[in-house]
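Shown next, in C-alpha cells, is the structure this report addresses.
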Ligand code: CO
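Residue numbers (my numbering): -7 to 201.
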C-alpha cells in the first residue's frame, strides 16, 4: 500500500471511532474553537503537541517551526501570535523545545547548510550569547541539552518583548508564558522558565501604551 494511503485510512477509522463514542462530536467541534493554550513547538515529528500532553482537538492552538523559534520578523509566527492572543484570548503560551533537536545541533556546528543557515542564525545568536558558560560544560550531550534549554528561555523572552504580549498583559492580565523541554528519552516535559503575565520588564523593550 502507498504510505500516504495508510494515513487516509487511519483518518476514516479515527472519525468513526469518535462518532461511535459521541454522535455529535464533529457537530460540536465545528462550531467554534476556544483553546486556552498557544503552543510554539519544534517541527520535529517526534514532538506532537496534542499527543505528548494528551490533549484533544480544540485544546491547543499550534505553531511549529524548526527549533521552536520566536523570531520578531517572522510574519507567520507573529500572525499566529496576534490571532491567538487578541482573538482567541489564550491564557497560556508554551514554547516547547526538545532534547536531541536537530535544529539546535546544526546551529552548534560550523557547517554550511545553505538556505537554512538564515534560520539557524537565530539559534547561533543564543549559542554565542552563552558560549563561555556552555563551554564550561565538558560533556558534549550535557552542553547540547543546556543550549536546548537556554534557547527555550530566550524564545520566552522574545515573546515578552513583543507589543502583542505586553498589550494583553496590560488589558487582561494574560497570557502567562511557559518554557518547556520535552525529554525525548523519557517522554516527560521539563519546565525551564515561567513568566507570569506582567512579571517581566526591560528598560529597552518595554512599551508604553
Ligand atoms: Co527540534
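Note that beta-carbon positions come from the ideal geometry of N, C-alpha and C, so glycine has one too.
Rounded C-beta distance between residue i and residue j? I'm assuming under 8 Å.
| i | j | result |
| --- | --- | --- |
| residue 106 | residue 59 | The Cβ separation is near 16 Å, so there is no contact. |
| residue 61 | residue 147 | 6 Å |
| residue 52 | residue 42 | 6 Å |
Could you check if residue i belongs to the surroundings of the ligand CO, using beta carbon to heavy atom distance under 7 Å?
| i | result |
| --- | --- |
| residue 36 | yes |
| residue 59 | yes |
| residue 93 | yes |
| residue 122 | no |
| residue 90 | yes |
So, are the CB atoms of residue i and residue j less than 8 Å apart?
| i | j | result |
| --- | --- | --- |
| residue 21 | residue 82 | no |
| residue 87 | residue 144 | yes |
| residue 129 | residue 121 | no |
| residue 72 | residue 84 | no |
| residue 187 | residue 160 | no |
| residue 57 | residue 76 | no |
| residue 150 | residue 64 | yes |
| residue 162 | residue 197 | no |
What is the rounded straight-line gap between the Cα of residue i and the Cα of residue j?
| i | j | result |
| --- | --- | --- |
| residue 113 | residue 185 | 23 Å |
| residue 141 | residue 32 | 14 Å |
| residue 182 | residue 103 | 30 Å |
| residue 28 | residue 132 | 37 Å |
| residue 165 | residue 190 | 7 Å |
| residue 180 | residue 174 | 6 Å |
| residue 89 | residue 8 | 33 Å |
| residue 123 | residue 98 | 15 Å |
| residue 169 | residue 79 | 17 Å |
| residue 25 | residue 177 | 33 Å |
| residue 117 | residue 110 | 11 Å |
| residue 195 | residue 156 | 17 Å |
| residue 154 | residue 68 | 14 Å |
| residue 17 | residue 37 | 27 Å |
| residue 125 | residue 2 | 47 Å |
| residue -3 | residue 6 | 14 Å |
According to DSSP, which residues form a beta bridge with residue i?
| i | result |
| --- | --- |
| residue 186 | 170 |
| residue 181 | 174 |
| residue 31 | 54 and 86 |
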